[in-house]
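Numbering (our numbering), first residue to last: 2 to 239.
Where is the CB? At the ideal position from N, CA and C, for every residue including glycine.
Computed from a predicted structure; not experimentally measured.
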Ligand code: 6GU
């Protein structure tokens, strides 16, 4: 059974979008995963096919109706009863590589993309949705967040990454950001490639890369650096 993505959206034509290209697109064409975008508007019941309404209590924008969203969720659950149900919202828990890995090991996901000011709280509670955010900035809708999650998950599916790509020690897997990469020409714009990399001393190369990864992590991501240091303290390896 391959990984199954059911996306609930008001803009089904956004999919597969970028997920139809490159690594994820080739995996989709091979059948390593499937993607179905379900139009939430198809579950509207009135003659105007309305999916949203003004917020109780006043304020700007529109709120997605719980009855319409619930009907769309019911359809997705009928198609994939075993799939975890995720809603994208800027107030969700931050999506992490750990959560991505767990999802990639499972059967797939139902991904509900919010638009407007949000989704009526009751349907989120009623369906016990997992709320996820992809970072501390505001998108106009959850669709790019769903694409981010799927891109991150699909590359981890068995057979999707080539041997070369999967061999790469990854940022966030090791707890460190990546070391710098170089290719030919050896000198470009008067900048030479670090000498150690051309030397063929594999232990020296590994040590240099580790030191660079640590320096970059310390400078750019004090939060990751603190977590990495705490882990190294608990289980020293180097
Ligand atoms: Cl998941 N949705 C929206 N609308 N904005 C976001 C987000 C999600 N994650 C970060 N910003």
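Three-way DSSP call (helix, strand, coil) for residue i in this model
{"i": "residue 218", "result": "helix"}
{"i": "residue 69", "result": "helix"}
{"i": "residue 87", "result": "strand"}
{"i": "residue 121", "result": "coil"}
{"i": "residue 175", "result": "coil"}
{"i": "residue 19", "result": "helix"}
{"i": "residue 227", "result": "helix"}
{"i": "residue 128", "result": "coil"}
{"i": "residue 140", "result": "coil"}
{"i": "residue 133", "result": "strand"}
{"i": "residue 188", "result": "strand"}
{"i": "residue 194", "result": "coil"}
{"i": "residue 27", "result": "helix"}
{"i": "residue 92", "result": "strand"}
{"i": "residue 168", "result": "Only weak support exists for where residue 168 lies, its pLDDT of 48 falling under 50; the value from the coordinates is given anyway. Coil."}
C-beta atoms of residue i and residue j nearer than 8 Å
{"i": "residue 112", "j": "residue 9", "result": "yes"}
{"i": "residue 142", "j": "residue 176", "result": "no"}
{"i": "residue 13", "j": "residue 38", "result": "yes"}
{"i": "residue 85", "j": "residue 144", "result": "no"}
{"i": "residue 218", "j": "residue 157", "result": "no"}
{"i": "residue 194", "j": "residue 180", "result": "no"}
{"i": "residue 122", "j": "residue 56", "result": "no"}
{"i": "residue 149", "j": "residue 34", "result": "no"}
{"i": "residue 24", "j": "residue 161", "result": "yes"}
{"i": "residue 110", "j": "residue 87", "result": "yes"}
According to DSSP, residues forming a beta bridge with residue i
{"i": "residue 206", "result": "Paired residue(s): none; residue 206 is not in a bridge."}
{"i": "residue 44", "result": "None, per the DSSP bridge assignment."}
{"i": "residue 5", "result": "35, 109"}
{"i": "residue 53", "result": "65"}
{"i": "residue 10", "result": "40"}
Reference residue i, options the options, closest by Cα
{"i": "residue 46", "options": "55, 67, 236, 33", "result": "67"}
{"i": "residue 11", "options": "69, 188, 149, 151", "result": "69"}
{"i": "residue 159", "options": "50, 102, 81", "result": "102"}
{"i": "residue 4", "options": "108, 130, 56", "result": "108"}
{"i": "residue 16", "options": "147, 53, 55", "result": "147"}
{"i": "residue 120", "options": "52, 22, 225", "result": "52"}
{"i": "residue 21", "options": "80, 125, 151, 140", "result": "151"}
{"i": "residue 36", "options": "6, 61, 50, 64", "result": "6"}
{"i": "residue 215", "options": "203, 228, 204", "result": "228"}
{"i": "residue 225", "options": "98, 63, 49", "result": "98"}
Below-8 Å beta-carbon distance, residue i vs any chain C residue
{"i": "residue 145", "result": "Going by chain labels, chain C is absent from the structure shown, which holds only one protein chain."}
The segment 84-94 touching the segment 27-40, judged by at least three CB pairs closer than 8 Å: In the pairwise beta carbon analysis, the segment 84-94 is classified as not touching the segment 27-40: fewer than three pairs are separated by under 8 Å.
Three or more C-beta pairs below 8 Å linking the segment 36-43 and the segment 64-81: yes
Three-pair Cβ contact test at 8 Å for the segment 126-137 versus the segment 186-194: A contact is defined here as three or more CB-CB pairs under 8 Å, and the segment 126-137 fails this definition with respect to the segment 186-194.
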